[in-house]
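Take 206 as the starting number for the sequence shown in my numbering and just add one per residue.
Built from N, CA and C at the ideal position, the CB exists for glycine as well.
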Amino acid sequence: MRYGGSIPSPSRSRQEHARACSGRSCAPLRLNRVPHHQAAAQSCDYCGGAAAAVYCRVDSARLCLPCDHLVHGANGVCSCHARAPLCTDCRATGAVFCRASSAAAFLCSNCDFGRHRDGL
206 MRYGGSIPSP
216 SRSRQEHARA
226 CSGRSCAPLR
236 LNRVPHHQAA
246 AQSCDYCGGA
256 AAAVYCRVDS
266 ARLCLPCDHL
276 VHGANGVCSC
286 HARAPLCTDC
296 RATGAVFCRA
306 SSAAAFLCSN
316 CDFGRHRDGL
């Protein structure tokens, strides 16, 4: 059975996205695609306005927290997608929480190494 509803999309969105999840299809997701090598300046793939904070591997999308809630709260299938935080410094995927620095943050391995290279 396919999900027949749709998620309201921002007027700036042009590219449609639909992925199969457990044999079912998620609601259409309209994404503003930016090449991932430009991750540091990347905004949300859904609204294009706010800075992306999480990455959904199933949707291959970087989303701000309000859009993540909107997109993944649309139905039970999409709510099962695992999302991961993006690096606070460079917006790369694969970030882990670091409490060691004076300002706790989610950091990828490169940024974590850069911050702790001098023993900080």
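What residues in its chain sit with their C-beta under 7 Å from that of residue i, if we drop five residues either side in the sequence?
| i | result |
| --- | --- |
| Gly278 | Ser284 |
| Cys313 | Cys292, Cys295, Ala297, Gly299, Ala300 |
Report the residue from the options whose alpha carbon sits nearest the alpha carbon of residue i.
| i | options | result |
| --- | --- | --- |
| Val263 | Ala287, His274, Asn280 | Ala287 |
What's the C-alpha gap between residue i and residue j?
| i | j | result |
| --- | --- | --- |
| Ala310 | Asn280 | 30 Å |
| Ala232 | Ala300 | Only weak support is given to the placement of Ala232: the predicted model assigns it a pLDDT of 49, under 50, and the question is left unresolved by the model. |
| Arg267 | Cys252 | 10 Å |
| Ser230 | His321 | Caution applies to Ser230, whose pLDDT of 45 falls short of 50 and renders its modelled position unreliable; the model cannot decide the point. |
| Ala255 | Gln247 | 9 Å |
| Cys269 | Asp250 | 8 Å |
Ordered along the chain, which non-local residues of its own chain (more than five positions away) have a Cβ less than 6 Å from that of residue i?
| i | result |
| --- | --- |
| Tyr260 | Arg267, Ala289, Leu291, Thr298 |
To test your reading of the DSSP string, which unbroken alpha helix (DSSP H) runs of 4 or more residues are found completely within the stretch 254-289?
Complete alpha helix (DSSP H) runs here, min 4: 270-277.
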